Each structure stands twice: as structure tokens, then as C-alpha cells.
Amino acid sequence: MFDYDDSRYLSIYEEKCHMTAINELETRLEEVFGKIMAAADKKDARPGKAPKKESQPLIIAKTPAEEQRLKLERLMRNPDKPAPIPEKPKEWNPRAPPEFVRDVMGSSAGAGSGEFHVYRHLRRREYQRQDFLERISDKQKLDEEYIEKVKENQKAAEERTAKRRKKREKLKQKKLMAKKAKMESQKEEGSEEKSSSSASEAEEQEDDAEVPSFIMGKR
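Laid out in C-alpha cells, this is it:
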């Protein structure tokens, strides 16, 4: 049996052995990983093989704007690649009603549970078909009301535009008439000024043509 000191030494020895085993295991794992990576590099370096793509870091988008930015960056990495455009989902259409039901017995025989289930499924499909037709009719009615409202709004907008155009043309004609009257008044004023200036010039010429009443230097 070990005393206190021997047990302490034994625990230290066991701890050292454990650490040594862990170190050896890590060394072996590193060697195996290095061999695997070297083999992968040799495999990638073979002629005629496309180079391996570089691994991109994983980025998790936290906001819708960041998600849209990541999608645009992914698209712009390879502009020649066509962008995936999702197809429009097909609209659900009910199954057409059967023209003749062959699984239901005639009225002379008693209806069992199987016939009742057939009738129940047929009734459910008929209800679905009727609901679908009602939804389609409601949708068509809403579309027609929307188109009619759009036409009314367009007609009202055209009427407002015509009214404003008429008002603008009226103002334009008024301005043209005022401008024409102003030009005519300016012409009349100019003709009056010309006549007055010609009259004053004639008077000056008459004054210059008068005979002098005395002769300079005569005794």
C-alpha cells in the first residue's frame, strides 16, 4: 500500500503519462492531416483538371438589405452565368366533374358504405369546384370594376387637361391682343412724333430762309 507521498507521486506520474499520450495523438493527427492535404494538392494539380474554387467565408445576413447585397455580389462574381428566374406558380384548378360515375350502383340496390364514400368524395370535389368558380367570378368582377374606374379617372384627367389647355390658349390670345394693341399705339405715337418733328424742321427751315432786315457794314 502507498502512503500519502507515494500516492501523490503516482498521481503526478499518471498525469504526465496522460499528457504524453495526448501529445502523441496530436502529433499523429497532424501527420495524417498533412498527408491528406498533400494527396489532395497532388490530385488537384493533375493536368486537364479545372482548378479548385476558392472557399468563400460564410456570411449570415442580419437585415433584408444585407441579404440583397449578398445576392447581388454573388450574381456579379460571374456575370456570364444566367440569373435564376423563378417561374410563376401554377394556379390551382379543380378537377372537372365526371360525365358518368361507374362506381355507384343503381337505385334498385341498397347503398353500402363504399358507395357513400364515393358520393362523399364527389360532393366534396363539387363543392371545391363551385367555390373555385365563385372566386373566379368575384375576381373577374373586381377586375372589371378596376378597369372601369381606371377609364373614368383617365376620362376625368383628359377633361381637366382640355379645360386647362383651353384656359392657357385663352390667356395666350389675350396676351397677343394686348401686345398687338401696344405695338399699334407705339406706331401711332411714333407717327405723331415724326409729323411733329417734320413740322418743327419745316419751321426751322423757314426761319433760316428769311431775308435779313439790315446789312452789315453799310452807312
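Be aware that the sequence shown starts at 1, since it is given in full-length UniProt numbering, and climbs by one per residue.
Idealized CB from N, CA, C, for every residue including glycine.
Quick caveat: nothing in here was measured; it's all calculated off a predicted structure.
### Task
Could you check what DSSP says for phenylalanine 100 in three-state terms: helix, strand or coil?
In the structure shown, phenylalanine 100 sits in coil (DSSP, three-state: anything other than H, G, I, E or B).
### Task
Alpha carbon to alpha carbon, how far is serine 198 from arginine 219? Give it in angstroms, no decimals.
Low local confidence applies: a pLDDT of 46 at arginine 219 is under 50, so the model's placement there is unreliable, with the coordinate-based value given in what follows. Approximately 41 Å, taken between the alpha carbons.
### Message
Going by DSSP in three states, arginine 95 sits in which element: helix, strand or coil?
### Response
Residue state, collapsed to three classes: coil.
### Query
If you draw a straight line from the C-alpha of alanine 181 to the C-alpha of isoleucine 147, how long is it?
Alanine 181 and isoleucine 147: Cα-Cα distance of roughly 51 Å.
### Query
Between which two residues does the alpha helix (DSSP H) harbouring alanine 65 extend?
Here the alpha helix (DSSP H) through alanine 65 covers 64-77.
### Query
Since leucine 75 and alanine 83 are thought to touch, with beta carbons under 8 Å apart, how far apart are those beta carbons, to the nearest angstrom?
Sure, about 6 Å apart at Cβ, within 8 Å.
### Task
For histidine 18, count neighbouring C-beta atoms within 10 Å of its own C-beta (all shown protein chains included) and say buried if the count is 16 or more, exposed if not.
Exposed.
### Three-way DSSP call (helix, strand, coil) for glutamate 87 in this model
DSSP places glutamate 87 outside both helix and strand once states are collapsed to three, so it counts as coil.
### Query
Distance, Cα to Cα, lysine 149 vs lysine 141?
Those two C-alpha atoms are separated by around 12 Å.
### Query
Do you know how far the Cα of asparagine 153 is from the Cα of glutamate 126?
So the two alpha carbons sit approximately 40 Å from each other.
### Message
Count Cβ pairs between the stretch 123-138 and the stretch 78-94 that sit closer than 8 Å; are there 3 or more?
### Response
Taking a cut-off of 8 Å on C-beta distances, the stretch 123-138 touches the stretch 78-94, as three or more cross pairs fall below it.
### Message
Only counting the same chain, and skipping five residues up and downstream in sequence, which positions put a Cβ closer than 6 Å to that of proline 67?
### Response
Here the sequence assigns glutamate to residue 67, which means proline is not the residue at that position. By the criterion of a C-beta distance shorter than 6 Å, glutamate 67 is surrounded in its chain by Ala61, once the five residues flanking it on both sides are discounted.
### Query
Quick one, are the C-beta atoms of isoleucine 59 and leucine 72 less than 8 Å apart?
Their beta carbons are not under 8 Å apart, which means isoleucine 59 does not touch leucine 72 by this criterion.
### Reduced DSSP category for aspartate 143 - H, G, I as helix; E, B as strand; rest coil
Of the three classes helix, strand and coil, the one that applies to aspartate 143 here is helix, per DSSP.
### Query
For leucine 176, which of helix, strand or coil comes out of DSSP?
Helix at leucine 176.
### Message
Going by DSSP in three states, isoleucine 60 sits in which element: helix, strand or coil?
### Response
Collapsing the DSSP output to three states places isoleucine 60 in coil.
### Query
If you draw a straight line from the C-alpha of methionine 183 to the C-alpha of arginine 165, how long is it?
Their backbone Cα atoms lie some 27 Å apart in a straight line.
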